[in-house]
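Undergrad:
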Amino acid sequence: MNDDEVFYDAEDEYCDPGTGTSYNLHRAAFDNNVAELTALLQNTSQEQHKLLDLHGNNPLHIAALRGHSEAVAALLAAGLSPSARSSRGWTPLDEACAARSMDVARLLQRALLAELKAELKAKRAQLLDTMRSMPDYSLQLKWQLGSSLPGLSMLLRRYAPHDTYTIWKVGDRLRVDGSLMGIDTKKIMPEWKRGHFSLVVDGSPAGRAAAAEAAAAAVAAATAAAEEQERARHQR
Numbered sequence: 044m045n046d047d048e049v050f051y052d053a054e055d056e057y058c059d060p061g062t063g064t065s066y067n068l069h070r071a072a073f074d075n076n077v078a079e080l081t082a083l084l085q086n087t088s089q090e091q092h093k094l095l096d097l098h099g100n101n102p103l104h105i106a107a108l109r110g111h112s113e114a115v116a117a118l119l120a121a122g123l124s125p126s127a128r129s130s131r132g133w134t135p136l137d138e139a140c141a142a143r144s145m146d147v148a149r150l151l152q153r154a155l156l157a158e159l160k161a162e163l164k165a166k167r168a169q170l171l172d173t174m175r176s177m178p179d180y181s182l183q184l185k186w187q188l189g190s191s192l193p194g195l196s197m198l199l200r201r202y203a204p205h206d207t208y209t210i211w212k213v214g215d216r217l218r219v220d221g222s223l224m225g226i227d228t229k230k231i232m233p234e235w236k237r238g239h240f241s242l243v244v245d246g247s248p249a250g251r252a253a254a255a256e257a258a259a260a261a262v263a264a265a266t267a268a269a270e271e272q273e274r275a276r277h278q279r
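If you want the numbering used here, it's the position in the sequence shown, counting the first as 1, plus 43.
1) Are the CB atoms of ALA107 and PRO135 nearer to each other than 8 Å?
2) Does the beta-carbon of SER129 have 16 or more other beta-carbons within 10 angstroms, so that it is buried, or is it exposed?
3) Is the stretch 171-186 touching the stretch 207-214 in the sense that three or more CB pairs, one from each, lie closer than 8 Å?
4) Is it buried or exposed for GLY226, if we count other Cβ within 10 angstroms and need 16 for buried?
5) For the stretch 177-259, which segments carrying the beta strand (DSSP E) assignment without a break, of at least 3 residues, lie completely within its bounds, in sequence order?
6) Could you say if the stretch 239-246 and the stretch 215-229 meet the contact criterion of at least three C-beta pairs nearer than 8 Å?
7) DSSP on SER32, reduced to helix/strand/coil?
8) Using the rule of at least 16 other Cβ atoms within 10 Å of the residue's Cβ for burial, across every protein chain shown, is PRO233 buried or exposed?
9) Answer yes if the stretch 136-144 comes into contact with the stretch 157-164, meaning at least three C-beta pairs across the two stretches below 8 Å, and no otherwise.
10) Assign ARG143 to one of two classes, buried (16 or more other C-beta atoms within 10 Å of its C-beta) or exposed (fewer than that).
11) Run through DSSP, which three-state label would THR81 get?
12) I'd like the span of the alpha helix (DSSP H) that includes LEU103, first residue to last.
13) Mapping DSSP to helix, strand and coil, what is ALA121?
14) Give me the Cα-Cα distance between THR87 and ASP74, rounded to the nearest whole angstrom.
15) When you compare each of VAL244, ALA165, VAL77, LEU155 to TRP211 by their alpha carbons, which one comes out closest?
16) Output yes or no for whether 8 Å exceeds the beta carbon distance between ALA72 and HIS111.
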């Protein structure tokens, strides 16, 4: 597919001949013209940044499918979402993978992880605010699978999983204890593993600091592992 097939040019700028809508951001992303792209990003709104062109792509989709890492980096820095979908349902990462552009794919993967981390942080803040507004409590929650059919009900009680959760809430801290640990597949007849587990949500300053440190360590480890795999691939 050549440039004329990808873009409709009305004189010197890419635009919709029906509405007159300009797609100069998309053109700059297509050409990997970072200087023009940066200037346009500074003088256009977020709504224009997310605008889909005649083919259903925003500028980040176009930069990704063209394999332009510089344009992708500029668009991500301007706040374009790496999880945005085109009219076909594709993300920029999908486009980069289809184009076999590994550098762009890595950029977008890191951006997706950062976006997910920010979303989880926002949801955690909402959860903690809700917890603080609630009175302290403790309760037991029992669950099991059942059926109205007599024979099936007996089988479910014998072989299906079940557990009783004990839950404590104190201030901005939550603890859940249970006993269902998974399934043991080493036996002829698989059995549910029993033991003891505790899940703790600690919204105190010390708890948040520890969680942030653990998350940073996990991200660093994942990044190092990915870089090591890439080096090994190049060596082969």
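We put the CB at the ideal spot given by N, CA and C, even for glycine.
The structure displayed is predicted, hence computed values, not measured ones.
TA: Reading from the atomic positions:
1) yes
2) buried
3) yes
4) Before going on, a small fix: residue 226 reads as Ile here, not Gly. Classification for ILE226: exposed.
5) 180-187, 205-213, 216-227, 234-245
6) yes
7) Nothing about residue 32 can be reported from this structure: the residues present for the chain run from 44 to 279 only.
8) exposed
9) no
10) exposed
11) helix
12) 102-109
13) coil
14) 19 Å
15) VAL244
16) yes
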